[in-house]
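> Pasting in a structure now, in structure tokens, and then I'll have a few things to ask.
Protein chains: 2
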Amino acid sequence: MAALNDLSATEASARIAAGKLTSEALVTACIQRILSREKEVQAWAHFDPEAALAQARARDKARPQSRLHGIPVGVKDVIDTHDMPTEYGSPIYRGNRPACDAACVAQVREAGGVILGKAVSTEFATRHPNKTRNPHNPEHTPGGSSQGSAAAVADRMVPIAFGTQTSSSIIRPAAYCGVVGYKPSFGLVNRAGLKFLSDSLDTIGVLTRTVPDAAMIVEELSGSAPAPFDEADQLKPRIGFCRTAYWKQADRATHAALEGALPGLARAGAKVSEVSLEGEFARLAEVQVTVTSFEFYRALTHERTRFPDQISESLMGRILGGSRVTRAQYEEAQAVAARCRARLDDVYRDYDVLLSPSAPGEAPKDLGTTGEPIFGLTWTLMLGPAVTVPAFTGPAGLPIGAQLAGPRGADARTLICAEWVRRALAA
Amino acid sequence: MAALNDLSATEASARIAAGKLTSEALVTACIQRILSREKEVQAWAHFDPEAALAQARARDKARPQSRLHGIPVGVKDVIDTHDMPTEYGSPIYRGNRPACDAACVAQVREAGGVILGKAVSTEFATRHPNKTRNPHNPEHTPGGSSQGSAAAVADRMVPIAFGTQTSSSIIRPAAYCGVVGYKPSFGLVNRAGLKFLSDSLDTIGVLTRTVPDAAMIVEELSGSAPAPFDEADQLKPRIGFCRTAYWKQADRATHAALEGALPGLARAGAKVSEVSLEGEFARLAEVQVTVTSFEFYRALTHERTRFPDQISESLMGRILGGSRVTRAQYEEAQAVAARCRARLDDVYRDYDVLLSPSAPGEAPKDLGTTGEPIFGLTWTLMLGPAVTVPAFTGPAGLPIGAQLAGPRGADARTLICAEWVRRALAA
């Protein structure tokens with residue numbers, strides 16, 4: 003029998019609803035896992051076992067009102083919590099205690115969830131690494147910026163953790179750590195109480211070990227109807243294999259894994275064909291730098307003017323790059339993204355989802371990096387849902403993901419297709 | 003000679019740049035005005051004369067780096083300041099001191115501006131009134147939600163104040179208090195550090211006594227090129243007179259003022275014709291309620307679950323209304339707004355700006371209301387710039403504004419047209 007901390011959120015939820023599992027037992031198992039593994043993994047910026055247990059015991063006295071009842075959830079440390087420190091991955095905010103929970107945190111509490119702790123974020127959710135290690139091999143990066151969330155979920159310390167994505171900060175660490183990463187459509191999860199870096203792109207999402215777990219929490223928060231995963235097996239998804247404009251930046255193992263998977267997807271019943279997104283799509287990496295650096299420069303004005311010595315050199319370089327971006331350049335970059343979105347709307351008439359790499363390869367053996375965001379940024383800029391599922395194993399024995407992107411607003415369909423692909427590749 | 007606190011920001015800026023005025027003298031004049039008038043107007047949630055003077059003296063020791071150098075700016079109390087309380091117009095946040103300045107506040111400081119104090123906001127920038135009175139007649143509302151900002155600028159306590167708008171919270175109080183209100187295109191002013199109510203609509207803007215003042219501060223923050231006001235007199239603007247779908251809700255004085263102004267605008271050189279926005283535009287009031295209540299319910303989860311007794315009955319009603327809005331209804335409402343935006347893009351091929359009422363009439367003689375937002379919400383939902391200029395006087399001797407709306411991103415053109423209209427109506 004699986005240990006309780008191995009349970010998916012949906013399975014734990016069903017057991018709690020049936021009176022066969024207490025939140026206290028579930029949270030206790032998660033705590034024990036953290037206590038035994040945290041020294042190696044370092045996934046948590048703040049973790050208070052007693053406070054978590056107190057929440058769980060209170061849940062056990064109440065009748066479940068939602069599928070999140072009694073379920074422990076980790077919160078990336080760029081999302082505000084009123085009762086735990088929120089340090090945004092920056093020494094500037096050491097010991098910072100916000101006055102208010104972020105909307106998504108308060109919603110989890112209202113739904114009966116247990117806030118287990120704050121998961122490590124890189125500095126302001128950007129690329130500069132923090133302390134977390136890849137639980138599959140501590141010499142490798144877990145990716146970023148949602149590195150604590152990815153590692154904690156992969157290491158079975160918690161079934162669900164919030165992440166955020168501005169380029170590839172959910173998809174990349176999820177792929178590197180071998181878990182599911184779900185970046186919802188822009189705006190699906192309420193952002194009040196998020197530390198804003200790029201208002202036009204910052205998106206709250208989740209890292210989980212199963213696709214239905216990812217769907218469940220976002221549905222609860224956004225008021226969306228539950229995705230009908232029962233129907234996944236009957237699906238004949240129309241899958242566009244999209245190398246993206248950045249295919250050459252993926253390594254040989256990733257090329258081979260994705261290309262090698264196509265016949266199996268077709269055999270399982272998918273209609274698979276290749277989709278080329280070239281032309282202005284090849285400019286999206288540059289667009290992403292222009293948009294985010296322009297917005298970082300403004301959003302972080304307080305920090306860069308008052309605490310420049312406490313900002314990493316690499317982030318300061320990006321911020322100051324933003325000072326040289328003119329408003330006209332920023333608007334032109336946004337216009338390129340808008341034109342690509344319009345082109346993509348046409349593409350999606352023929353496809354349910356587009357399949358692309360989640361990252362250039364396995365997690366690099368280098369704790370000084372969080373890896374390359376190149377395969378996330380296209381879908382972030384397109385504002386639609388993106389899901390990475392663990393699908394392959396690379397030459398170093400580390401996970402490689404497969405990324406499914408769908409039309410903006412079509413989150414349920416995209417999640418079900420992602421689950422279909424995961425099952426087909428696992429078969 | 004005008005008192006220093008009567009100076010426009012652009013005039014004061016020119017004098018400071020020329021070495022003919024110190025920030026200390028300017029700020030001292032504003033402080034004296036506040037001290038003599040605040041008891042009646044009650045525009046400020048926080049005001050510390052010594053702290054303001056200390057900033058001004060520091061500015062006077064430095065060389066001006068921007069047009070905001072030495073200029074006092076008021077900040078609506080839903081925008082975070084690290085060195086002043088930020089109470090969001092709610093007793094829940096009494097004494098709250100954020101860790102960080104909002105981006106727009108930090109940008110004003112970096113540009114050399116002086117943060118004069120926090121201007122009164124209604125409860126979380128919604129409709130429930132706070133303490134501010136209309137400076138033209140204290141028995142009348144100043145409007146809301148940016149009521150302190152509007153009253154302080156109108157009463158010449160400060161030349162510029164930040165406001166925010168989610169339906170009509172800049173345009174309405176500006177019109178009621180007889181000042182310029184400028185709601186920029188959505189996203190033009192960085193929103194990091196704003197208390198979010200409706201992520202998809204909340205917009206930071208400004209209240210000033212002149213249109214060039216409003217343009218100046220937003221240009222400085224957004225990196226936009228200065229609008230060429232020198233060319234305003236040569237302009238022959240194409241003005242669409244748009245009664246909107248809500249014309250019947252404006253009073254007779256407003257009807258007469260706007261209709262009566264059209265011949266003068268034509269004589270001054272404008273091409274004026276009537277534009278009808280009916281059909282789905284008539285649904286925008288309902289769309290606005292659906293979108294904002296759905297988002298309020300989520301954004302204010304912490305407050306409504308932990309401090310329900312400290313939320314006004316009227317706001318709690320709107321929040322709980324949001325609990326009954328389904329995701330599908332929300333998305334349908336957003337789709338209506340998107341279709342109206344597409345229709346409006348076509349309309350703007352033939353017009354530079356659309357002229358409509360700023361409010362249903364003069365400021366009501368009722369301190370228990372902040373007036374009706376009906377004439378702001380269309381342009382907020384359309385995401386483009388909207389500017390109200392003081393243009394008329396109503397039967398109670400109070401100001402009536404004229405509102406000019408323009409295409410999203412065409413802020414400079416819209417501001418210049420608004421200035422042209424103001425001059426034409428004043429001639």
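Protein chains in written order, with our numbering: chain A, 3 to 429; chain B, 3 to 429. Backbone N, C-alpha and C fix where the C-beta goes; we use that ideal spot for every residue, glycine too.
Check whether the stretch 364–379 of chain B and the stretch 391–400 of chain B touch, using three or more Cβ-Cβ pairs below 8 angstroms as the test.
yes
> Is T390 (chain B) helix, strand or coil when you go by DSSP?
Residue mapping note: residue 390 (chain B) aligns to position 388 of the second sequence, counting from 1. Strand, per DSSP.
> For a contact meaning CB atoms closer than 8 angstroms, what does D103 (chain A) contact in chain B?
Along the first sequence, one-based indexing puts residue 103 (chain A) at 101. Within chain B, the residues near D103 (chain A) are T303, H304.
> How would you list, in chain order, the residues of chain A whose beta-carbon sits under 8 angstroms from the beta-carbon of E2 (chain B)?
Since the first and last residues shown for chain B are 3 and 429, residue 2 (chain B) lies out of range.
> Less than 7 angstroms separating the beta-carbons of R285 (chain B) and V338 (chain B)?
By one-based count along the second sequence, residue 285 (chain B) stands at place 283. By one-based count along the second sequence, residue 338 (chain B) stands at place 336. Yes; because the gap between Cβ atoms is below 7 angstroms, this pair is in contact.
> Residues bridged to A121 (chain A) by DSSP?
What you label residue 121 (chain A) is simply residue 119 of the first sequence in a count that begins at 1. The partner list for A121 (chain A) (beta bridge, DSSP) reads A:W46, A:K78.
> Under the criterion of a Cβ to heavy atom distance below 6 angstroms, does P175 (chain B) qualify as lining the ligand MG?
Looking for the ligand MG in the displayed structure turns up nothing, as the structure carries no ligands at all.
> Short of 6 angstroms in beta carbon distance, which residues of its chain neighbour A335 (chain A), apart from the five on each side in sequence? Order them along the chain.
Here residue 335 (chain A) corresponds to residue number 333 of the first sequence, with the count starting at 1. Correct list, in chain order: V289, T292, V293.
> List the residues of chain B that G225 (chain A) touches, going by C-beta distances under 7 angstroms, in chain order.
The residue you call residue 225 (chain A) lines up with position 223 of the first sequence. Per Cβ cutoff of 7 angstroms: T328, R329.
> Just to confirm my understanding: we take Y184 (chain B), look at its own chain, exclude 5 residues before and 5 after, and list those with CB closer than 6 angstroms. What are they?
Here residue 184 (chain B) corresponds to residue number 182 of the second sequence, with the count starting at 1. Closer than 6 angstroms at Cβ, skipping near neighbours: G207, V208, A216, V389.
> Does the stretch 49–61 of chain B come close enough to the stretch 26–38 of chain B that 3 or more CB-CB pairs lie under 8 angstroms?
yes
> Which residues of the stretch 179–205 of chain A have a Cβ closer than 7 angstroms to any Cβ of chain B? Give them in chain order.
G189, N192, R193, A194, F198, D201, S202
> Who pairs with I402 (chain A) in a beta bridge, going by DSSP?
As a first step, residue 402 (chain A) must be located in the first sequence, where it is residue number 400. In DSSP, I402 (chain A) forms a bridge with A:F394.
> Are at least three pairs of beta-carbons, each pair with one atom in the stretch 249–266 of chain B and one in the stretch 87–102 of chain B, less than 8 angstroms apart?
no
> Apart from the five residues on each side of it in sequence, which residues of its chain come closer than 7 angstroms, Cβ to Cβ, to R96 (chain A)?
On the first sequence, position 94 is the one that residue 96 (chain A) refers to. Excluding positions up to five away in sequence, the list reads E89.
> Would you list the residues sitting across from Q167 (chain B) in a DSSP beta bridge?
Translated into positions along the second sequence, residue 167 (chain B) becomes position 165. Note: Q167 (chain B) sits in a beta bridge opposite B:T205.
> Comparing the C-beta of R300 (chain B) with each C-beta of chain A, is any distance below 7 angstroms?
Translated into positions along the second sequence, residue 300 (chain B) becomes position 298. Yes, its Cβ sits closer than 7 angstroms to a Cβ of chain A.
> Starting from C244 (chain A), trace the beta strand (DSSP E) both ways and give me its first and last residue.
Against the first sequence, residue 244 (chain A) aligns to sequence position 242. Segment 240–244, the beta strand (DSSP E) holding C244 (chain A).
> Given a limit of 8 angstroms on CB to CB distance, which residues of the stretch 83–95 of chain B reach chain A?
H84, Y95
> Can you find a C-beta in chain A that's less than 7 angstroms from the C-beta of Q109 (chain B)?
Within the second sequence, numbered from 1, the residue matching residue 109 (chain B) stands at position 107. Chain A, which has a Cβ nearer than 7 angstroms to the Cβ of Q109 (chain B), makes this yes.
> Over what stretch of residues does the beta strand (DSSP E) that includes A183 (chain A) continue unbroken?
In the first sequence, residue 183 (chain A) corresponds to position 181, counting from 1. Going by the sequence as given, residue 183 (chain A) is Gly instead of Ala. It spans 182–185 - the beta strand (DSSP E) in which G183 (chain A) sits, taken as one unbroken run.
> Which partner residues of K273 (chain B) appear in the DSSP bridge assignment?
By one-based count along the second sequence, residue 273 (chain B) stands at place 271. For K273 (chain B), which the question treats as bridged, DSSP gives the partners B:R240.
> Do you know offhand how far G225 (chain B)'s Cα is from T328 (chain A)'s?
Indexing the second sequence from 1 puts residue 225 (chain B) at position 223. Indexing the first sequence from 1 puts residue 328 (chain A) at position 326. One C-alpha to the other measures close to 6 angstroms.
> Name the two residues that bound the continuous alpha helix (DSSP H) containing S360 (chain B).
Taking the second sequence and counting its residues from 1, the one referred to as residue 360 (chain B) is at position 358. For S360 (chain B), there is no enclosing alpha helix (DSSP H), as DSSP gives it neither H nor E.
> Do T166 (chain A) and A127 (chain A) have their C-beta atoms closer together than 7 angstroms?
Taking the first sequence and counting its residues from 1, the one referred to as residue 166 (chain A) is at position 164. Taking the first sequence and counting its residues from 1, the one referred to as residue 127 (chain A) is at position 125. Cβ atoms of T166 (chain A) and A127 (chain A): closer than 7 angstroms.
> Are the Cβ atoms of S314 (chain A) and H130 (chain A) separated by less than 7 angstroms?
Position 312 of the first sequence holds residue 314 (chain A). Position 128 of the first sequence holds residue 130 (chain A). Against a cut-off of 7 angstroms, the Cβ pair of H130 (chain A) and S314 (chain A) comes out as a contact.
> Taking DSSP as the reference, what is the three-state secondary structure of L267 (chain B)?
Locating residue 267 (chain B) in the second sequence gives position 265, where the first residue counts as 1. In the structure shown, L267 (chain B) sits in a helix (DSSP, three-state: H, G or I).
> Starting from T307 (chain B), find everything on chain A with Cβ-Cβ shorter than 8 angstroms and list it in chain order.
Along the second sequence, read from residue 1 onward, the residue named residue 307 (chain B) stands at position 305. Correct list: A108, R111, E112.
> Step through the CB atoms of chain A and report whether any lies within less than 7 angstroms of the CB of N132 (chain B).
Taking the second sequence and counting its residues from 1, one reaches residue 132 (chain B) at position 130. So no, N132 (chain B) is outside the interface.
> Looking only at its own chain, which residues have a Cβ that is under 7 angstroms from the Cβ of A14 (chain A), when we skip the five neighbours before and after it?
On the first sequence, residue 14 (chain A) is found 12 positions in, with the first residue counted as 1. The residues are L23, L28, I73, P161.
> Looking at C-beta atoms only, is the number of pairs between the stretch 184–199 of chain B and the stretch 378–395 of chain B that lie closer than 8 angstroms three or more?
yes
> Answer with yes or no whether the minimum CB distance from N98 (chain B) to chain A is below 7 angstroms.
By one-based count along the second sequence, residue 98 (chain B) stands at place 96. Closer than 7 angstroms: yes.
> Alpha carbon to alpha carbon, how far is L346 (chain A) from A299 (chain B)? Give it in angstroms, no decimals.
Within the second sequence, the letter at position 297 stands for residue 299 (chain B). Within the first sequence, the letter at position 344 stands for residue 346 (chain A). Before going on, a small fix: residue 299 (chain B) reads as Tyr here, not Ala. Each residue's alpha carbon lies about 32 angstroms from the other.
> Decide if S275 (chain B) is buried, meaning its Cβ has at least 16 other Cβ atoms within 10 Å, or exposed.
Indexing the second sequence from 1 puts residue 275 (chain B) at position 273. Exposed, because fewer than 16 other Cβ atoms sit within 10 Å of the Cβ of S275 (chain B).
> Inspect the beta-carbon positions of V355 (chain A) and T416 (chain A) and report whether they are closer than 7 angstroms.
Reading the first sequence from its first residue, position 353 is the one you call residue 355 (chain A). Reading the first sequence from its first residue, position 414 is the one you call residue 416 (chain A). Judged by their CB atoms, V355 (chain A) and T416 (chain A) are nearer to each other than the 7 angstroms cut-off.
> Determine the direct distance from the alpha carbon of A412 (chain A) to that of A156 (chain B), and round the result to whole angstroms.
Your numbering for residue 156 (chain B) matches position 154 in the second sequence. Your numbering for residue 412 (chain A) matches position 410 in the first sequence. So the two alpha carbons sit approximately 48 angstroms from each other.
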